[in-house]
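Everything on this sheet refers to the single structure shown next.
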Amino acid sequence: MEPVRPDLVPDAELSRDEMEALQHEIADAAVFVDDVAIDPDRLSNPLASAASEGEPPIVAGVDQSFLQDGDGTEDRALSAVVAMQGGEVIERVYAVTPLEIPYIPGLLAFREGGPILAALEALSVEPDLLLFDGSGRIHFQQAGIATHMGVVLDAPCIGVAKSLLCGRPRSDVENLPEGARVAIEANDRVDAPAGTLIGYAVQTRQYDSPDRYINPLYVSPGHRVGPETAADVVLALASSYKLPEPVRLADGYADEAKRAVRD
DNA sequence: GCGACAG
DNA sequence: ATCTTGTCGC
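Residues 1 to 263, numbered by full-length UniProt numbering, are exactly what the first sequence covers, in order.
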């Protein structure tokens with residue numbers, strides 16, 4: 001797949017103000033409600049797929065790793081994509097591109113967007129849905145990496161983050177039971193009316209011991225997906241591990257490919 | 001000045 | 001995110 005909005009592709013040469021201005025454009029173009037019918041049950045369950053007509057949807061997980069040069073300085077980013085259909089991997093691709101800027105909270109898409117788009121161009125199948133490691137609408141300008149990629153590609157996207165960038169949970173998120181979700185609403189750090197629902201803390205896995213617990217994932221709409229569906233999809237795809245399977249596999253593939261590139 | 005900060 | 005082996009615990 002390739003960008004349908006080349007004008008909005010993240011450019012690391014921009015000034016910080018220009019980057020944030022672009023993010024406001026992205027947020028304005030983003031659709032934070034369900035735009036396509038995505039049945040979470042058909043994502044990973046082959047039986048549900050067989051029972052209904054047509055092919056099950058293709059879901060892609062995207063994750064990055066980084067390579068160092070001889071000095072130990074990070075100089076390249078590697079983006080890995082794992083595409084799944086009916087619970088099975090149908091394609092894996094990766095791309096390596098030079099690293100342009102350091103990590104700056106809020107500007108992740110300008111650091112990692114290049115290799116992601118390069119890897120997605122190498123992908124031969126057309127995903128119906130993409131999951132990213134990072135935020136979507138849970139972002140200062142409501143334009144996290146999942147939203148940015150979603151608008152540039154005009155594809156349904158979901159952000160899956162392991163920690164909360166901004167916003168505020170409506171209730172305690174400690175030690176939630178498996179399958180639970182807690183709404184995340186905009187606070188004064190988010191460029192949205194206070195109280196706006198921007199995502200969910202989603203507990204995909206949990207221990208049963210009283211002294212230790214697993215932190216939830218922070219799931220938010222990227223583009224063309226609403227917050228409830230985003231949470232439903234992540235729960236449906238996280239069958240045996242904390243991370244939804246496409247993202248977990250992309251995570252592993254990013255490490256595997258990095259080792260291969262190093263040799 | 002202080003605090004907060006995806007990967 | 002990254003440098004890294006084994007190891008403690010359910």
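By construction, the Cβ of each residue, glycine as well, lies at the ideal position given by its N, Cα and C atoms. None of these values were measured; they are calculated from a predicted model.
Contacts around residue i, its chain only, beta-carbon distance under 6 Å, and the 5 residues preceding and following it disregarded
| i | result |
| --- | --- |
| Asp35 | Arg224 |
| Phe66 | Glu74, Ala77 |
| Ala118 | Ala95, Thr97 |
| Leu85 | Residue 85 is actually Gln in this sequence, not Leu. Closer than 6 Å at Cβ, skipping near neighbours: Pro56, Ile58. |
| Asp154 | Val4 |
| Ala231 | Arg181, Tyr200, Val202, Val219 |
| Val190 | Cys166, Gly167 |
| Tyr253 | Ala80, Val82, Arg92 |
| Ala238 | Thr204, Pro244 |
| Tyr241 | Arg248 |
Nearest residue (CA-CA) to residue i, options the options
| i | options | result |
| --- | --- | --- |
| Ser209 | Arg189, Glu178, Ile104 | Glu178 |
| Ala27 | Met149, Glu88, Gln68, Asp39 | Met149 |
| Glu20 | Gln141, Ala254, Leu176 | Gln141 |
| Glu100 | Val89, Ala254, Arg92, Glu112 | Glu112 |
| residue 339 | Val9, Arg92, Ala161, Ser220 | Nothing in the structure corresponds to residue 339, since the chain is present only between 1 and 263. |
| Thr97 | Ala83, Gln85, Met84, Gln68 | Gln68 |
| Ala60 | Pro127, Asp17, Ala231 | Pro127 |
| Ala260 | Val151, Ala80, Pro6 | Ala80 |
| Pro57 | Gly72, Met1, Leu120, Pro40 | Pro40 |
| Leu164 | Ala236, His139, Ala192, Ala155 | His139 |
| Ile116 | Gly70, Met1, Arg42, Gln85 | Met1 |
| Ala12 | Ile90, Asp251, Ser220, Ile104 | Ile104 |
| Gln23 | Gly72, Leu108, Gln64 | Leu108 |
| Phe110 | Arg137, Ser220, Asp263, Ser15 | Ser15 |
| Ser124 | Ala161, Arg212, Gly72, Ile90 | Ile90 |
| Gly106 | Pro10, Asp71, Asn45, Gln64 | Pro10 |
| Leu235 | Glu25, Arg42, Glu18, Asp63 | Arg42 |
| Leu120 | Lys162, Val160, Gln64, Ala161 | Gln64 |
| Ala192 | Asp251, Ile38, Arg137 | Arg137 |
Three-state secondary structure (DSSP) of residue i
| i | result |
| --- | --- |
| Val132 | Looking at the sequence provided, one finds Phe at residue 132 rather than Val. Phe132 falls in the strand class under three-state DSSP. |
| Gln23 | helix |
| Arg42 | helix |
| Arg76 | strand |
| Ala161 | strand |
| Tyr67 | Sequence inspection shows Leu at residue 67; the Tyr mentioned does not correspond to that position. Leu67 falls in the strand class under three-state DSSP. |
| Ile101 | coil |
| Glu18 | helix |
| Val31 | coil |
| Met1 | coil |
| Ile58 | strand |
| Ala12 | coil |
| Ile90 | strand |
| Val151 | helix |
| Ala37 | coil |
| Val82 | strand |
| Val96 | strand |
| Val261 | helix |
| Val125 | coil |
| residue 266 | No answer is possible for residue 266: it lies beyond the span of the chain, which begins at 1 and ends at 263. |
| Leu108 | helix |
| residue 294 | Residue 294 lies beyond the range of the chain shown here (1 to 263); nothing can be said about it. |
| Pro156 | coil |
| Gly144 | coil |
Residues near residue i in its chain [Cβ-Cβ closer than 7 Å; skip 5 each side]
| i | result |
| --- | --- |
| Ala122 | Val93, Ala95 |
| Val31 | His223, Arg224 |
| Pro216 | Val173, Leu176, Ala201, Val202, Gln203 |
| Arg170 | Val182, Ala183, Glu185 |
| Val33 | Gly226 |
| Leu249 | Gly61, Val82, Val89 |
Neighbourhood of residue i by C-beta, 8 Å cutoff - its chain only, sequence neighbours within 5 removed
| i | result |
| --- | --- |
| Ala29 | Arg5, Leu8, Val151 |
| Asn187 | Cys166, Gly167, Arg168, Ala194 |
Notebook entry, point to check: Taking only runs of the alpha helix (DSSP H) that begin and end inside the segment 163 to 244, which ones reach a length of at least 4 residues, in chain order?
Noted result: 227 to 237
Note to self: Measuring CB atoms only, is the segment 145 to 152 touching the segment 124 to 134, in the sense that at least three cross pairs come out at less than 8 Å?
What the structure shows: yes
Checklist line | Stretch-stretch touch, CB-based, cutoff 8 Å, three pairs: the segment 225 to 237 with the segment 199 to 209 | finding: yes
Next item on the list: Would you check if the segment 243 to 254 and the segment 177 to 193 touch, i.e. whether three or more CB-CB distances between them fall below 8 Å?
Entry: no
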